[in-house]
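Residue 587 is where the sequence shown starts when you use this note's numbering, and the numbers rise one by one after that.
Beta carbons are placed, not taken as given, at the ideal position from N, Cα and C, and that holds for glycine.
Comments concern the structure below.
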Amino acid sequence: MEQILNDIRNSKARYLEELTRFLAIPSISSDPENKNDVLLCAEHVSKMLVQSGLTNIKVTPTAGHPVVSGEWLQAPGKPTLLIYGHYDVQPVDPLDLWEKPPFEAHIKNNRLVARGSADDKGQVFMHLKAIEAVMTSKGKLPVNVKFIIEGEEEIGSPNLAGFLRDHKAEFDADVVIISDSQMYAENLPAITYGLRGLTYLEIEVTGPNRDLHSGSFGGTVANPAEILARMLASVKDENGHIQIPGFYDDVKDVPAVERALLGSVPFDEVAYREGLGVKELWGEEGYSPNERTWIRPTFEINGIWGGFTGVGAKTVLPSKASAKISSRLVPDQDPTKIVELTTRYFQSIAPKSVTVKVTNHHGGKPVVAPLKTPYVEAARKAFKASFHTDALFIREGGSIPIVADFKEILGLDTLLIGFALPDNRAHSPNENFHLPTMYTGIETLVILLNSL
Ligand code: BES
Ligand code: MN
Ligand code: MN
587 MEQILNDIRN SKARYLEELT RFLAIPSISS DPENKNDVLL CAEHVSKMLV
637 QSGLTNIKVT PTAGHPVVSG EWLQAPGKPT LLIYGHYDVQ PVDPLDLWEK
687 PPFEAHIKNN RLVARGSADD KGQVFMHLKA IEAVMTSKGK LPVNVKFIIE
737 GEEEIGSPNL AGFLRDHKAE FDADVVIISD SQMYAENLPA ITYGLRGLTY
787 LEIEVTGPNR DLHSGSFGGT VANPAEILAR MLASVKDENG HIQIPGFYDD
837 VKDVPAVERA LLGSVPFDEV AYREGLGVKE LWGEEGYSPN ERTWIRPTFE
887 INGIWGGFTG VGAKTVLPSK ASAKISSRLV PDQDPTKIVE LTTRYFQSIA
937 PKSVTVKVTN HHGGKPVVAP LKTPYVEAAR KAFKASFHTD ALFIREGGSI
987 PIVADFKEIL GLDTLLIGFA LPDNRAHSPN ENFHLPTMYT GIETLVILLN
1037 SL
C-alpha cells in the first residue's frame, strides 16, 4: 500500500498533463453545436478506462450522448462497486468573465482552472487514477468494479434510466460510489448522504399580439413583463414560504436528532457571506443556512427576460415576457407532482389580459442514503487515513437525478464522496479544482478500494 501511495505522489506531473487533455474537450451536453465534442470526449474516456486496466469497455450510443462503461470483475467473493460519474460539462457563458479560455486549463493558487475541472471530469479522473495505481502495482484489484461515465448529467440524464433498465443485469453491484459533490472545506472531507431533487420549468406570458408603443398603449394594455414579475413575486411570502398550494404536502419532517447532527456541522456565516460578496443572508424563516439548502425545498428564478434589453432605450410595451424557474425538492416531494402544482398555480393566478404557457424541462427525485453501511464506514476510515481528520456527514443542495434511479432500477444505495471544494465555481466562470485535494483524494480512493 505504501508503495502505491508513493507512486501516486510521484505521478503528479503526469496526472496534471492527462487531466488537462481531458479538460480540453468541450463536452457541453446542452449545446447541439458541441455534439461531436461530446462524442469525442466519450471516446477519450473509453481510452482512459483502458489505461486504468479495465476491461469490456463500451461506448454505448443513446438517443442523446453516449454512455461509457467498463469493468474489472476478477475478485470473486468480494463486493462489486458501481462507480458513476459524468464527462459532460455545463456551458461556459459568460465567456468574458473567464480569466483564460475555459478549455485551456491553467493553474492558479494550487487550483486547476477549467470548465469541468471539479464538475465532474476531475473527480472521474481521480477514480481512474486510483484504479490505475493499484492495477499497475498489483496487477489486480481487491474488489470488483464497474464504471458508468455518462454524457448527459448536466441536462438531467434523460437517457440513462432507460440504459440502466436495458442493461440491468450487466450493472448488478453492491453499492454505487459517486464523486460529484463537495468536501465541506479544504481538509474537511464530507460524506454526503442526501441530495435535493429538481424541477425545471419555463414560463412564457403573452399579452398583445406585438410589441406596442408604450406611449400610445401604456395604461390600457396589461404589460406581460409586469404580470410575470407580479406572478413570480407572489410565489413566496415575506418569510420565504412558498405559496403554491400543496407544495409542502409531501415534505417529510427531518427528525430532531438528525437536525441536531446536521446542526453540529460548523458554519462560518461571515466567511460564507464574504465569499459570495453579499451583506446579508436570506432564506426561509425558522431554518439555518445549511438547513435551507440541505433539507428544505426552494423556488428560484434562474433567468428572466422580455421586451427591450438592447443598448440604449426603446419605449415599448412588450408582447411577451419569460422566465426559467426551478424548485429544489426534498423527500418525499415528487418532481412530476410539483411540476403540476406549479403549472396550475401560474395558470390560476394569471389575469385574463395575458395567456400563460408553462413548459417542463427536466427534473430528478431527491434522495437520502442510509448511513449505517459497511461502505460508509469504509469511506469514513479512508478519509481519516488520508486527510487525517474526521469526515463530516452532510446533505447537499445540488441534484444528481440518476441516484434515485440507481435505487429504483438496480436496488442500490449510493455513497457520495466528493472532492470539490465549496468555492469550486461549478457552473460559473473560472471553475476550478484544488490540486492538493485531488492528489490526497486519489489516496483516499486507493485506501477505500483496499478496505472493502
Ligand atoms: N455535481 C452536480 C450536483 C451537485 C452539486 C451535487 C453540488 C452536490 C453538490 C451536478 O453536476 C449538477 O450540477 N446537477 C444539476 C442537476 C441537473 C439535472 C442539471 C443541478 O444540481 O443543478
Ligand atoms: Mn456534477
Ligand atoms: Mn453540474
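Extent of the continuous alpha helix (DSSP H) run through residue i
i, result
"residue 861", "855 to 862"
"residue 925", "921 to 935"
"residue 949", "From DSSP, residue 949 is part of no alpha helix (DSSP H) but of the beta strand (DSSP E) over 941 to 950."
"residue 803", "800 to 803"
"residue 636", "621 to 638"
"residue 986", "Looking at the DSSP string, residue 986 is not in any alpha helix (DSSP H), and its letter there is neither H nor E."
"residue 876", "875 to 880"
Residue i CB to nearest heavy atom of ligand 1 below 7 Å
i, result
"residue 919", "no"
"residue 768", "yes"
"residue 948", "yes"
"residue 1015", "no"
"residue 985", "yes"
Secondary structure of residue i, DSSP reduced to three states
i, result
"residue 734", "strand"
"residue 834", "coil"
"residue 753", "coil"
"residue 865", "coil"
"residue 655", "strand"
"residue 829", "coil"
"residue 692", "strand"
"residue 792", "strand"
"residue 1018", "strand"
"residue 1013", "coil"
"residue 910", "strand"
"residue 642", "strand"
"residue 580", "Past the boundaries of the shown model lies residue 580; the chain is included only from 587 to 1038, so the question cannot be answered."
"residue 979", "strand"
"residue 713", "helix"
"residue 954", "strand"
"residue 666", "strand"
Cβ neighbour criterion (16 or more within 10 Å) applied to residue i
i, result
"residue 906", "buried"
"residue 708", "buried"
"residue 827", "exposed"
"residue 899", "exposed"
"residue 768", "buried"
"residue 861", "exposed"
"residue 622", "exposed"
"residue 929", "buried"
"residue 941", "exposed"
"residue 951", "buried"
"residue 817", "buried"
"residue 678", "buried"
Residue i CB to nearest heavy atom of ligand 2 below 7 Å
i, result
"residue 672", "yes"
Start and end residues, beta strand (DSSP E) containing residue i
i, result
"residue 699", "697 to 699"
"residue 598", "Note, residue 598: premise wrong, no beta strand (DSSP E); alpha helix (DSSP H) at 598 to 609."
Check: residue i C-beta below 7 Å from any heavy atom of ligand 3
i, result
"residue 676", "yes"
"residue 1012", "yes"
"residue 740", "yes"
"residue 705", "yes"
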